[in-house]
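Novice: Here it is, the structure in full.
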């Protein structure tokens, strides 16, 4: 993922002024990140791409009206999430009222590529992590994804999930506790626990550090 987390304010201002190069810069940075996020909801790449294209078309058309937008990244993720989930609902792939419930799918999984880099002796550790991830609720998975994979603030996550900042803290805290407990249940796993395979398995160094070394949820 591109190391740049935020668009330069000058580029944002140029885009609002009609600069197509600035618009292209924003599109190039956020397209792969939105696509990766969309893959957590569905394997239908066409629907994901259609959703991204649609929100960027609307973004360009309404650029002059977005002066009140404080955080471009949050705006794009919120717009994309809303459009994709509604599109999936129309295709009857998820239940109604998805915005207000946990009745939707969000896949926070360990990719095949990440699994291959985990040493053979860490398979029990890896399986424990996989099982723990599956026990997380969809909202917990989304919160973890945004916090540790997209490096978003709790305020940004709250805006995207349409919940309070306090609720966001609780979501992440409970998710981390569940993942950490998965490693503390087996003496063998606890003894062989190391940062390198865990980081490889999770794809997030920050999340690995939390699970490995945090002693209470106050570190979140």
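In full-length UniProt numbering, the protein residues as written are 1 to 220. Heads up, the beta-carbon is just placed ideally off N, CA and C, and yes, glycines get one too. On a predicted model such as this, the values are computed, not experimentally measured, just so you know.
1) As a quick exercise: from 21, 131, 38, pick the residue whose alpha carbon is nearest that of residue 146.
2) Check whether the Cβ atoms of residue 88 and residue 41 sit closer than 8 Å, and answer yes or no.
3) Can you find the residues in the same chain that come closer than 8 Å, C-beta to C-beta, to residue 141, ignoring five residues on each side of it along the sequence?
4) Is the separation between the beta-carbon of residue 143 and that of residue 161 shorter than 8 Å?
5) Quick one: give me the first and last residue of the alpha helix (DSSP H) that residue 139 is part of.
6) Give the straight-line distance between the Cα atoms of residue 9 and residue 83, rounded to the nearest whole angstrom.
7) Exposed or buried, which one is residue 166 when buried takes at least 16 other CB atoms within 10 Å?
8) By the three-class DSSP mapping on this structure, what secondary structure does residue 39 have?
9) What does the alpha-carbon distance come out to for the pair residue 187 and residue 131?
Specialist: So, from the data block:
1) The residue among 21, 131, 38 with its C-alpha nearest the C-alpha of residue 146 is 38.
2) yes
3) The residues are 40, 106, 107, 108, 133, 175.
4) Yes.
5) 138-144
6) Cα to Cα, residue 9 sits roughly 26 Å from residue 83.
7) The residue in question, residue 166, is exposed, as its Cβ has fewer than 16 Cβ neighbours within 10 Å.
8) coil
9) Bear in mind that the predicted position of residue 187 carries a pLDDT of just 43, short of 50, making it too unreliable to give a figure here.
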